[in-house]
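Protein sequence lines, in the order shown, are assigned to chains H and G.
Taking our numbering, I'd label the letters of the first sequence as residues 127 to 463.
Taking our numbering, I'd label the letters of the second sequence as residues 22 to 310.
Heads up, the beta-carbon is just placed ideally off N, CA and C, and yes, glycines get one too.
Everything numeric in this text was worked out from a predicted model, so none of it was measured.
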Amino acid sequence: MADDPIAGNGGRVVTTAGATRAPDRAFDPHAHPHAHPDERRLRTVEPGLDSGHARAHADVWLSDVSAGYGDRIALEDVNVAVEAGSLLAVVGPNGAGKSTLLKLMAGLIRPWTGRVEVLGHPAGQQARRVAYVPQAELVDWAFPVTVGDVVMMGRYPALGPFRRPSAVDRRAVAAALDQVSMASHVETQIGSLSGGQRRRVFLARALAAEPDVFLLDEPVTGVDATTQEDLMDLLEAEARRGKTVIATTHDLACAAQRFQRVLAINHRIVAHGPASLVLDPGVLSRTYGGHLLVLGGDAVVLDDAHHHDEPSGRERHFHEGGGHSDGQSSTASRRTP
Amino acid sequence: MIDLLMTPLEHAFFLRALAAAIIVGTVCAVVGTYVVLKGLAFIGDAISHAAFPGVVVAFLVHGPYLLGAGVAAVATALSIGVVSRRARIRTDTAIGVLFAGTFALGIFLFSTINGYVADLFSFLFGYLLSTSVDDLISLTILAGLVLGAVAVLWKELLYATFDPLGASASGLRVDWLESIFLALVALTIVISLQAVGIILVVAMLVTPAATAQLLVVRFGRMMALAIAVGIASSVVGLYLSYWVDAASGATIVLVETGAFLGALALGPRTGLLGRRRPAAVAEAQAQQA
């Protein structure tokens, strides 16, 4: 972590107020065997500082992780601990390994080296307490399911094969749809929804599963400003309830304004810390390399010619039929052409 | 007209064939709905051809053909995944290799048998009217097995088909579901062999579901409509083949193909006649705009 600007400037432990945990989460900060001066205010956990401590506090913990596809390495030397109740944005250029990092946490791919723990167990073992939402491009929107069907899928893993959805499940689905303001679309086929409505429905599916950890791949990409605000309000509320929310995003403005913490990656971790410290021109130019222009003191403009998304996130930009494919999404494609 | 419909029913062999056609039409439509949504038509074709050497071996050792076909089909279905993972080649390449290789093995074994073997030949093209009582019992048991498995796992299969990443991350064993599903496809093909034969079985699997997909946009309705199309085509096709004295399997597939083309021409979304759309779709599109 020698090049970590947060660790380098002495700000390794950053405290913020209001880091209280919701009572419904079984968590005892004293469960690990060493003392800490002020657990309740602890917000940042730097793995290099005290790995045992970081691991005990973390909902998501990665140690010396490298990963990739085939013989192509996507991530290396990743050490990160994400504390419960965090609202974390993962930023970085296209192909930096953001989706790979999320898939590691979701247990969808295994690390080549190192360990990935989620909720105190190897990734994938606590799957029913984790909700993962893939990129919109990876979903077949012509699939014959309605909004209500998709959200009900969030309840399937807990139901198991032999039980049918009950009134409790239907209430949970209705409540989740209400939260994302999509209750009136319950009977609508998903293909006739707008891009923003599609992201709302998938967040509702995650909410209906009542998870402790949300892993969201590009949840606010290609949505209008209103939807972005609504979705971020919801995620913020979940984090306040003690849930851990980790989302990849290309939208640095959104990361700066709406997330507490930011993880900047480009195959390795460039910086991890509070949004205000990570999103400075120095860190960003090292994260984005030549694709970033620094204008004046702190204004930054992304010049990511390879990317398909507008970095502002304020424009609608859909990919009908899954035509788009980059290095990461093609390996995750579910269909054989 | 009534006579035309009732006369064949006086023959026990026709009644048995009708029962088999209805069973096959139902099971194919149920499993075919997932096959169409997963985009696995090619795998269905491969598995059906792979059943051929199993049938020939069963014939050579005088064993039950359903067992031979079942073992060969399930083994091929499960090895497609293993071969593509181990060899790190694309799935369609692995299917192509296994598809041709197993079918060649069947023809090789077949060609070593002296003389013309009508029973075996009928497996290539199907012969519903030769359905025996024993066949019917086996079909019913296997169909019950497949439909039972889908009844238990329908929602898990649906989630894993729609969003394999989300389903896997939330704790569903998507890899197991995939293997179970391929085994169900293999069993469905075995059930259908006598009705339509190895060459045409993929049509039974895919066409009713594809027809339904043109007409409705909900999963449950799609499966229900596929079953209706599958059963109706099987019954109509069987009668037609009886009246004009044609091959029953081919006639059933032709009726299904006709239903598909009819849906394509008249369907609400693809229809060539007018641009009428279901109210729900139109409403949603109005809101989107």
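Could you check whether residue j and residue i sit closer than 8 Å to each other, using their CB atoms as the reference points?
i	j	result
H:R331	H:V277	yes
H:R387	H:S212	yes
H:P260	G:L198	no
G:L130	G:P74	yes
H:A335	H:A257	yes
G:V76	G:G65	no
G:L99	G:A204	yes
H:A210	G:G192	no
G:F240	G:L282	no
H:A262	H:G321	yes
H:E202	H:R412	no
G:L236	G:G258	no
G:A1	G:F120	Outside the displayed span of chain G (22 to 310) sits residue 1 of chain G, for which this structure offers no information.
G:V217	G:G279	no
H:P337	H:R255	yes
H:T375	H:A215	yes
8 Å is my cut-off, CB to CB: does residue i come that close to chain H?
i	result
G:F202	no
G:E277	no
G:A245	no
G:L174	yes
G:A231	no
G:V237	yes
G:Y55	no
G:D184	yes
G:S100	no
G:Q234	yes
G:H32	no
G:D66	no
G:S255	no
G:A190	yes
G:L168	no
G:F240	yes
G:L282	no
G:E199	no
Which one or two residues does DSSP pair with residue i in a beta bridge?
i	result
H:I391	H:I395
G:I110	G:I110 is not bridged to any residue.
H:F340	H:A257, H:V371
H:T272	H:Q315
H:E243	H:W187, H:P248
H:N195	The sequence shown places Tyr at residue 195 of chain H, rather than the Asn named in the question. Per DSSP, H:R198.
H:A215	H:A373, H:V388
H:P400	H:R387
Can you find a CB in chain G that lies within less than 8 Å of the CB of residue i?
i	result
H:E441	Bear in mind that the predicted position of H:E441 carries a pLDDT of just 31, short of 50, making it unreliable; the figure below should be weighed with that in mind. Judged by the 8 Å Cβ criterion, H:E441 is not in contact with chain G.
H:P283	yes
H:G223	no
H:Q354	no
H:F340	no
H:L213	no
H:F385	no
H:V371	no
H:R254	yes
H:T272	yes
H:Y195	no
H:L188	no
H:G348	no
May I ask which residues mark the beginning and end of the alpha helix (DSSP H) holding residue i?
i	result
G:L157	154-183
G:A253	240-265
G:A38	33-59
G:R194	It is not in any alpha helix (DSSP H) - G:R194 carries neither H nor E in the DSSP assignment.
G:S269	269-287
G:H70	62-81
H:Y414	407-414
G:M27	23-27
H:D356	351-366
H:G321	321-334
H:V294	293-305
Starting from residue i, follow the beta strand (DSSP E) in both directions and report where the run begins and ends.
i	result
H:E209	198-209
*How about the segment 312-320 of chain H and the segment 212-222 of chain G: do they share at least three Cβ pairs that are nearer than 8 Å?*
No, the segment 312-320 of chain H is not in contact with the segment 212-222 of chain G.
*Is the segment 218-238 of chain G touching the segment 103-119 of chain G, taking contact as three or more C-beta pairs under 8 Å?*
No: fewer than three Cβ pairs fall under 8 Å.
_At least 3 beta-carbon pairs within less than 8 Å: the segment 226-235 of chain H vs the segment 155-170 of chain G_ = These segments do not touch.
*asked:* Can you confirm whether the segment 387-404 of chain H touches the segment 353-360 of chain H when touching is taken to mean that 3 or more C-beta pairs between the two stretches lie within less than 8 Å?
replied: Judged by Cβ distances under 8 Å, the segment 353-360 of chain H makes no contact with the segment 387-404 of chain H, as fewer than three pairs qualify.
_For the structure I just gave you, are there three or more beta carbon pairs, one from the segment 239-248 of chain G and one from the segment 37-50 of chain G, closer than 8 Å?_
Segment contact: the segment 239-248 of chain G against the segment 37-50 of chain G, three or more CB-CB distances shorter than 8 Å; contact assigned.
_I want to know whether the segment 183-197 of chain H touches the segment 342-355 of chain H - three or more CB-CB distances under 8 Å._
Counting Cβ pairs under 8 Å, fewer than three are found: no touch.
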